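Each step along the sequence shown adds one to the number in the UniProt record's numbering, with nothing skipped, and position 38 is 38. Ideal Cβ positions, reconstructed from N, Cα and C, are used throughout, including at glycine. Source: prediction; values computed, not measured. Here is the structure we will look at.
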Amino acid sequence: MKVPPGLTSVCQPADISWFRPLKEKLRKYWVQNLSKQLREYAAGGTGSKFELKAPSRREAIEWATMAWKSLGRK
């Protein structure tokens, strides 16, 4: 079922209320990981092609756990 643009908050309140803050936290950890990889690549100065490395499963689980715990209770 496709939700019309601009009506997500009406049709999918869970997405807005719960998942959006969680996704924002996960995105923050992902961007930090990307920044770290780019800094390490730039500092290396090898001239080789940059290869993006996916986070390990353990790292992704740690991110999810930290993001979930940071939401708190309301």
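Please find out if some non-hydrogen atom of the ligand ADP comes closer than 8 Å to the beta-carbon of residue i.
i: Gly6; result: In the structure shown, the ligand ADP is absent, as is every other ligand, since no ligand is present at all.
Would residue i pass as a contact of residue j if the rule is Cβ separation under 9 Å?
i: residue 82; j: Trp68; result: This structure cannot settle anything about residue 82, because the visible part of the chain is limited to 1 through 74.
i: Glu59; j: Asn33; result: yes
i: Pro4; j: Cys11; result: yes
Let me check understanding here. Comparing Cα to Cα, which of the options lies closest to residue i?
i: Lys53; options: Thr65, Leu38, Pro4 and Ile61; result: Leu38
i: Thr65; options: Leu26, Lys2, Lys36 and Phe19; result: Leu26
Starting from the C-beta of residue i, find all residues in its chain whose C-beta is less than 7 Å away, skip the five residues before and the five after it, and write them out in chain order.
i: Pro21; result: Leu71
Pull up the distance between the alpha-carbon of residue i and that of residue j, whole angstroms please.
i: Lys49; j: Phe19; result: 35 Å
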